[in-house]
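K.L.:
Position one of the sequence shown corresponds to residue 80 (our numbering), numbered consecutively onward.
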Amino acid sequence: MLDHSDDPAIERELDGNALAGSLESLFGRDMTAVPGRCAHCGTVHMVGAMRLFMGGPGAVLRCPACDEVVLRIVETADRTYVDARGADYLVFRRSDREIA
80 MLDHSDDPAI ERELDGNALA GSLESLFGRD MTAVPGRCAH CGTVHMVGAM
130 RLFMGGPGAV LRCPACDEVV LRIVETADRT YVDARGADYL VFRRSDREIA
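(1) Take Cys-145 and list the residues in its own chain whose beta-carbon comes closer than 6 angstroms to its own, dropping the five residues that flank it on each side.
(2) Quick one, are the C-beta atoms of Asp-94 and Gly-127 less than 8 angstroms apart?
(3) Going along the chain, which unbroken runs of the alpha helix (DSSP H) with 4 or more residues stay wholly within the segment 128-159?
(4) Do the CB positions of Val-161 and Leu-105 come within less than 8 angstroms of each other?
(5) Hey, Leu-169 and Val-113 are a contact pair by Cβ (cut 8 angstroms); roughly how many whole angstroms apart?
(6) Using only alpha-carbon positions, find the residue among Met-129, Val-149, Arg-151, Val-153 that is nearest to Pro-143.
(7) Mark Ala-156 as exposed unless 16 or more other C-beta atoms lie within 10 angstroms of its C-beta, in which case mark it buried.
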């Protein structure tokens, strides 16, 4: 884990669960249990486990393993911008049934 003790933004750090309502309104489902692979280091984490930073012009989700940006969301008066270029993929299940 990286040491962020001298980072002034650490006070604004949450986990991805804090963004659950906004993500659900954008994607129409609970996103906190959706796995995504970091495009930078290749590790897979649930969106709810990613490090969330708010307070700037939008919300930034960072990989908990390498600290790189995975997802950015910026809301303006009439648009929502989603930048997911830091994710190789996000996996959405089609149903609640397990596939064997």
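For glycine and all other residues, C-beta sits at the position ideal for the given N, C-alpha and C. Fair warning: this is a prediction, and the values are worked out from it, not measured in the lab.
P.N.:
Concretely, from the data shown:
(1) Cβ within range, chain order: His-119, Cys-120.
(2) Yes. Within cutoff.
(3) When DSSP assignments are scanned along the segment 128-159, no uninterrupted stretch of alpha helix (DSSP H) that is 4 or more residues long falls wholly within it.
(4) It is a contact, given that the beta carbons lie within the stated cut-off.
(5) For a cut-off of 8 angstroms, the C-beta gap from Leu-169 to Val-113 is around 5 angstroms, short enough to register as a contact.
(6) The shortest Cα separation from Pro-143 among Met-129, Val-149, Arg-151, Val-153 belongs to Met-129.
(7) Per the 10 Å Cβ criterion, exposed.
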